[in-house]
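Q: Counting from 289, one number per residue, gives the positions in the sequence shown under my numbering.
Using N, Cα and C, we set each Cβ at its ideal position, and we do this for glycine too.
Can you keep this structure in mind? I'll have questions shortly.
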Amino acid sequence: MFTEELTAIREAEEQSENIKKNVKTEVKRMIEAANAEAEKILDDNELKAKEIYDTLIQEGMNEADTEYEAAIEKAHIDAENMVKAAQAKKDKVIDHIVERIVRSGVNS
289 MFTEELTAIR EAEEQSENIK KNVKTEVKRM IEAANAEAEK ILDDNELKAK EIYDTLIQEG
349 MNEADTEYEA AIEKAHIDAE NMVKAAQAKK DKVIDHIVER IVRSGVNS
C-alpha cells in the first residue's frame with residue numbers, strides 16, 4: 289500500500305511538473321501572440337496617423353494655394369485700379385505743371 293501511495297504521489301508530481309511546463313509554454317505563446325498583435329495595432333495606427341497627416345497637409349496646401357491665388361488676383365485688380373486712377377489724374381497734373389511753367393515764364 290505504501291508503494292502504491294508513493295507511486296501515486298510521484299505520478300501526481302510528474303503531472304504537476306508537466307502542467308507547469310505546459311502552462312509556461314502556453315503563457316510564452318500567449319505573450320508572443322499579444323506582442324505580435326500589439327505591434328500590428330501600432331503599425332496600423334501609425335499608418336492611419338500618417339494618412340491623416342498627409343491628408344491634412346494636402347488640405348492645408350490646397351487652402352494656401354487658393355488664398356495665394358485670391359491674394360494675387362486682388363493685387364492685380366488693385367494695381368489696375370491704381371493705374372486707372374493715375375491715368376485719370378495725369379491730364380490734371382500735366383495741365384497744372386504746364387500752368388506753373390507758363391506763370392513762372394510770364395513772371396520772369
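Within a Cβ cutoff of 8 Å, which residues of the same chain sit near residue 389, ignoring the five residues on either side of it in sequence?
A: Mapped onto the sequence shown, residue 389 falls at position 101. Hits under 8 Å: none found.
Q: Please give the ranges of any alpha helix (DSSP H) in the region 303–391, keeping only runs that are unbroken, at least 4 residues long and fully inside the region.
A: You should have found no qualifying run.
Q: For residue 359 and residue 365, what's the separation of their Cα atoms in angstroms?
A: For the purposes of this step, residue 359 is identified with residue 71 of the sequence shown, where counting begins at 1. For the purposes of this step, residue 365 is identified with residue 77 of the sequence shown, where counting begins at 1. Whole-angstrom Cα-Cα distance: 10 Å.
Q: Measuring straight from C-alpha to C-alpha, what distance separates residue 357 and residue 347?
A: Position 69 of the sequence shown, counted from the start, is the residue given in the question as residue 357. Position 59 of the sequence shown, counted from the start, is the residue given in the question as residue 347. Straight-line Cα distance between these residues: approximately 15 Å.
Q: What does the alpha-carbon distance come out to for the pair residue 362 and residue 354?
A: Taking the first residue of the sequence shown as 1, we reach residue 362 at position 74. Taking the first residue of the sequence shown as 1, we reach residue 354 at position 66. Cα to Cα, the separation comes out at about 12 Å.
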